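Participant:
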Amino acid sequence: QSALTQPPSASGSPGQSVTISCTGTSSDVGGYNHVSWYQQHPGKAPKLMIYDVSTRPSGVPDRFSGSKSGNTASLTVSGLQAEDEADYYCSSYAGSSKHVLFGGGTELTVL
Amino acid sequence: QLQLQESGPGLVKPSQTLSLTCTVSGGSIDTDIYYWGWIRQPPGRGLEWIGSIYYTGSTYYNPSLNSRVTISADTSKNQFSLKLSSVTAADTAVYYCARLKEEYSSTWFPSFFDYWGQGTLVTVSS
Chain A
1 QSALTQPPSA SGSPGQSVTI SCTGTSSDVG GYNHVSWYQQ HPGKAPKLMI YDVSTRPSGV
61 PDRFSGSKSG NTASLTVSGL QAEDEADYYC SSYAGSSKHV LFGGGTELTV L
Chain B
112 QLQLQESGPG LVKPSQTLSL TCTVSGGSID TDIYYWGWIR QPPGRGLEWI GSIYYTGSTY
172 YNPSLNSRVT ISADTSKNQF SLKLSSVTAA DTAVYYCARL KEEYSSTWFP SFFDYWGQGT
232 LVTVSS
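Respectively, the protein sequence lines represent chains A and B.
Final position of the first sequence in my numbering is 111; the numbers increase by one with none missing.
Final position of the second sequence in my numbering is 237; the numbers increase by one with none missing.
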C-alpha cells in the first residue's frame with residue numbers, strides 16, 4: 001500500500017478556480033468511491049471538506065467540489081478566497097482490511 | 112457536538128513506548144458504523160494513518176507500523192488508546208485521534224474521518 005500522489009503545490013488568484021489531483025491505483029481510488037478531502041490550516045487539525053468523492057458535509061461552501069476519473073480523484077476550489085490558502089489532503093480506502101491511505105498533501109497558495 | 116481530546120506525554124525516549132489516550136465527549140464510542148482512529152503528522156510532512164479500532168475491539172493497523180502498534184478501547188471511560196513501541200526520532204509527530212465513518216456498498220468500507228482531536232505533539236528524544 002503506497003501513499004496517494006498529490007502535487008506538492010498549487011496556486012491561483014482570488015476569484016479563480018484551482019484543481020488538485022490525487023492519483024492512486026485501481027485497488028484504491030479507482031476501485032471505490034470512498035475518497036475524501038481534508039483542509040488543514042497551519043497548526044490546526046484537518047477538516048473534512050469532501051467525502052464519497054463529491055459530497056460536501058454541512059457547512060462546507062459549495063465552492064468546493066470533488067470528482068473522480070479512473071484512478072485519479074480531484075478537488076476543485078472555485079472563486080478562490082484568501083481563507084482557502086491551506087494544505088489539502090486526499091484519502092481513500094486502501095482496498096484491503098479496512099486500511100486507509102492519505103495523499104502527501106498539496107499546499108494551496110492564493111496569490 | 113462530538114469532541115475528541117488527545118492526552119499523554121509530550122516527550123518519549125528512544126526505544127521506549129509511546130502511549131496516548133483519546134477521550135471522546137458528546138457521543139459514545141460504542142456506536143455502530145463508526146471506527147476510531149489514530150493519524151500522525153511528522154513536522155512539515157503529510158498525514159499518515161496509524162490504525163483504527165471498532166468498539167467491539169476489532170483493530171486494523173498500517174502495515175508499515177503493524178509490528179509496533181497496539182490500539183485499544185475502554186468503553187466504560189469512552190476512551191481509546193495508542194501504544195507505539197520501540198520509538199525512534201522518526202516517530203516524532205503530531206498525533207491526532209479521529210472518528211472514522213464506515214459506509215455500506217456491498218460490504219462495509221472505512222470512508223472518512225469527520226471529527227478530529229486538536230492533536231498532540233510527541234517528540235522522541237533522549
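Every residue gets a Cβ at the ideal spot worked out from N, C-alpha and C, and that includes glycine.
Here the structure is a predicted model, which means the values were calculated and not measured.
If A:G95 and A:D28 are in contact, beta carbons under 8 angstroms, what's the gap, nearest whole angstrom?
Facilitator: What you label residue 95 of chain A is simply residue 95 of the first sequence in a count that begins at 1. What you label residue 28 of chain A is simply residue 28 of the first sequence in a count that begins at 1. At roughly 5 angstroms, the Cβ-Cβ gap stays under 8 angstroms, so A:G95 and A:D28 are in contact.
Participant: Between B:V233 and B:V135, how many whole angstroms is the CB-CB distance? I'm expecting something under 8 angstroms.
Facilitator: Walking along the second sequence from the start, residue 233 of chain B turns up at place 122. Walking along the second sequence from the start, residue 135 of chain B turns up at place 24. Not really, about 20 angstroms apart at Cβ, beyond 8 angstroms.
Participant: Quick check: is the beta carbon of B:G230 nearer than 8 angstroms to any beta carbon in chain A?
Facilitator: Taking the first residue of the second sequence as 1, we reach residue 230 of chain B at position 119. So yes, B:G230 belongs to the interface.
Participant: Short of 7 angstroms Cβ to Cβ, which residues in the region 140-172 of chain B face chain A?
Facilitator: G157, L158, E159, W160, S163, Y171
Participant: Quick one: is A:L48 near chain B, going by C-beta distance under 8 angstroms?
Facilitator: Counting from 1 along the first sequence, the entry for residue 48 of chain A is found at position 48. At least one chain B Cβ lies under 8 angstroms of A:L48.
Participant: Answer yes if the region 126-135 of chain B comes into contact with the region 52-70 of chain A, meaning at least three C-beta pairs across the two stretches below 8 angstroms, and no otherwise.
Facilitator: no
Participant: Roughly how many angstroms lie between the CA atoms of B:Y146 and A:K47, to the nearest whole one?
Facilitator: As a working mapping, residue 146 of chain B is identified with position 35 in the second sequence. As a working mapping, residue 47 of chain A is identified with position 47 in the first sequence. If I take the Cα positions, the gap works out to 17 angstroms.
Participant: Give the single residue among A:H99, A:K44, A:K98, A:Y89 whose Cα lies nearest to the Cα of A:A73.
Facilitator: Residue numbering aside, residue 73 of chain A sits at position 73 when the first sequence is read from its first letter. Closest by alpha carbon: A:Y89.
Participant: Got a sec? Which residues, its chain only, sit under 7 angstroms from B:T181 by beta carbon, not counting five neighbours each side?
Facilitator: Here residue 181 of chain B refers to the residue found at position 70 of the second sequence. K194.
Participant: Kindly indicate which residue of B:S237, B:R151, B:G228 has the alpha-carbon position closest to the one of A:F102.
Facilitator: Here residue 102 of chain A corresponds to residue number 102 of the first sequence, with the count starting at 1. When only C-alpha atoms are compared, the closest one is B:R151.
Participant: 8 angstroms is my cut-off, CB to CB: does A:L75 come that close to chain B?
Facilitator: Here residue 75 of chain A refers to the residue found at position 75 when the first sequence is read from its first residue. False, the Cβ-Cβ gap to chain B never drops below 8 angstroms.
Participant: Would you kindly work out how many angstroms separate the C-alpha atoms of A:T19 and A:Y32, rounded to a whole number?
Facilitator: In the first sequence, residue 19 of chain A corresponds to position 19, counting from 1. In the first sequence, residue 32 of chain A corresponds to position 32, counting from 1. Computed Cα separation, rounded: 21 angstroms.
Participant: Quick test of your reading: A:S13 and A:L111, contact by CB under 8 angstroms. State the CB separation rounded to the nearest angstrom.
Facilitator: Residue 13 of chain A sits at position 13 when you count from the first residue of the first sequence. Residue 111 of chain A sits at position 111 when you count from the first residue of the first sequence. At roughly 5 angstroms, the Cβ-Cβ gap stays under 8 angstroms, so A:S13 and A:L111 are in contact.
Participant: Spatial neighbours of A:E85 within its chain, please: CB distance less than 7 angstroms, with the 5 preceding and 5 following residues excluded, ordered by chain position.
Facilitator: Position 85 of the first sequence, counted from the start, is the residue given in the question as residue 85 of chain A. Answer for A:E85: L108, T109, V110, listed in chain order.
Participant: Output the distance between the C-alpha atoms of B:N189 and A:Q16, rounded to the nearest integer angstrom.
Facilitator: Here residue 189 of chain B refers to the residue found at position 78 of the second sequence. Here residue 16 of chain A refers to the residue found at position 16 of the first sequence. Rounded to the nearest whole angstrom, the CA to CA distance from B:N189 to A:Q16 is 45 angstroms.
Participant: Assuming the contact rule is C-beta atoms closer than 8 angstroms, B:Y207 and A:A45 should be a hit. Round their C-beta distance to whole Å, please.
Facilitator: Stepping through the second sequence from its first residue, residue 207 of chain B is reached at position 96. Stepping through the first sequence from its first residue, residue 45 of chain A is reached at position 45. Contact holds; Cβ gap of about 6 angstroms.
Participant: Report, in whole angstroms, the separation of the C-beta atoms of B:Y171 and A:S97, which I expect to be a contact under 8 angstroms.
Facilitator: Translated into positions along the second sequence, residue 171 of chain B becomes position 60. Translated into positions along the first sequence, residue 97 of chain A becomes position 97. So it is a contact: roughly 6 angstroms between Cβ atoms.
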